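Protein chains in written order, with our numbering: chain A, 92 to 247; chain B, 6 to 262.
Even for Gly, the Cβ is constructed at its ideal location relative to N, Cα and C.
Keep in mind it's a predicted model, so treat the numbers as computed, not measured.
Here the structure comes first, spelled out in structure tokens, and everything after it is commentary.
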């Protein structure tokens, strides 16, 4: 009986009917147990503001950095251990590089975080991409900071 | 009256001939989906004789009434007010009832699809529930405290002007379904809901602005807006949606600092 009434399927196209209902697609804003709760924090606001402010500062810091390293006074050819050692002898350049490191890393990480949020479709993908991102960011910031503060010009 | 009718009748054949001269052959390439037949959506072409000064909705009517009665789409008022017939025409979200065929190059096939980002139920009909859920979430109604006044709530012309733009929304979902952030993550409130919130946040008579700002301050609120201006471009009412979203952002920041 059932075989008689089942309509013939043509090729790969599936035929839905009473016996073979179409899959239920969960509406995007449906409230389920896995729906994230409202956080009621200002994290996104601060993130957004940070991107704008750090962007302004980074324009100065990065362009200045590139100018000094690559253009002024002989450019890239004079770069070397001695050059870096000479620069980091001054607290001003230490602070410059430290601020640039932290701002650039946090700015880039936050930008990538929003890009992952926008583009990663599955929760699992999103979670793991962000985990990798956060680990890489923390590692780079800590390592960079360590080098700036413990740099020894007399190292052999 | 009767003579006028007679006159009209006598000149009817001539009228028909002159209108027939205006007709051109237009191909409509419509995205068809019927979950009872197939889980695949397919393009189907319809060639019809249309006056290019008519609207896409008239063409859809002609197809449904004369060629294929199974074509399914929403429309109510057919005059750009009810917001039922938002669809993706030639790759842009428009109201079928406000789009003239002559304005979208009728010499090439005109593609008609359902709006994106919402589940298609059949042909051009999508499930609008997530869209309305986001709208309900921002509490789009007057919130006040204290006793109700015995007369109407007065407001100056300048105060009314502040949110005039966002009162024009007809909830057609053309903006929200043109937003790339909404396409990918339906948890984002979407432009239409933010427009609905903006309309009350900046209303001098309303006292629920704080609550709405708090809702839009969250993870899926205004901070997910990437200012791609898709919504402003798609809005059939010409609302400056991206500007409204930015005004909500500014209100959030000035509230904080």
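Are the C-beta of residue i and some C-beta of chain B separated by less than 8 Å?
i	result
residue 46/A	Because chain A is modelled from 92 through 247, residue 46/A falls outside the range shown and cannot be assessed.
residue 209/A	yes
residue 186/A	no
residue 213/A	no
residue 111/A	no
residue 235/A	no
residue 224/A	no
residue 168/A	no
Could you tell me the boundaries of the alpha helix (DSSP H) in which residue i lies?
i	result
residue 218/B	214-221
residue 134/A	134-157
residue 138/B	134-142
residue 234/A	214-241
residue 162/B	162-167
residue 251/B	246-261
residue 71/B	No alpha helix (DSSP H) contains residue 71/B, which DSSP labels as neither H nor E.
On the DSSP letters alone, give me the boundaries of the beta strand (DSSP E) that residue i sits inside.
i	result
residue 83/B	Element bounds for residue 83/B: n/a, residue is neither H nor E.
residue 29/B	29-37
residue 127/B	125-127
residue 98/B	97-100
Using the Cα positions of residue i and residue j, report the straight-line distance between them to the nearest angstrom.
i	j	result
residue 187/B	residue 193/B	6 Å
residue 58/B	residue 106/B	6 Å
residue 197/B	residue 204/B	11 Å
residue 227/A	residue 242/A	22 Å
residue 141/A	residue 151/A	16 Å
residue 39/B	residue 50/B	16 Å
residue 232/A	residue 148/A	18 Å
residue 185/A	residue 200/A	22 Å
Would residue i count as contacting chain A if we go by Cβ distances under 8 Å?
i	result
residue 6/B	Caution applies to residue 6/B, whose pLDDT of 42 falls short of 50 and renders its modelled position unreliable; the value that the coordinates give is listed next. So no, residue 6/B is outside the interface.
residue 257/B	yes
residue 128/B	no
residue 189/B	yes
residue 153/B	no
residue 34/B	no
residue 31/B	no
residue 224/B	yes
residue 93/B	no
residue 261/B	yes
residue 219/B	yes
residue 41/B	yes
Tell me which residues share the same chain as residue i and place their Cβ nearer than 7 Å to its Cβ, disregarding the 5 neighbours each side in the sequence.
i	result
residue 260/B	218
residue 211/A	217, 220
residue 109/B	94, 95, 115
Residues in its own chain within less than 6 Å of residue i by CB, not counting five upstream and five downstream?
i	result
residue 244/A	176
residue 111/A	none
residue 192/A	235
residue 203/A	224
Please find out if some non-hydrogen atom of the ligand GTP comes closer than 7 Å to the beta-carbon of residue i.
i	result
residue 153/A	Annotation note on the ligand GTP: not contained in the displayed structure, which lists no ligands.
Can you find the residues in the same chain that come closer than 8 Å, C-beta to C-beta, to residue i, ignoring five residues on each side of it along the sequence?
i	result
residue 28/B	54, 55, 56
| request: Return the residues of the stretch 138-150 of chain A that lie within a Cβ-Cβ distance of less than 8 Å from chain B, sorted by chain order. | output: Taking 8 Å as the Cβ-Cβ cut-off against chain B, the residues of the stretch 138-150 of chain A that qualify are 138, 139, 140.
| request: Taking a Cβ distance cut-off of 9 Å, strictly less, list which residues of the stretch 45-79 of chain B are near chain A, in chain order. | output: 45
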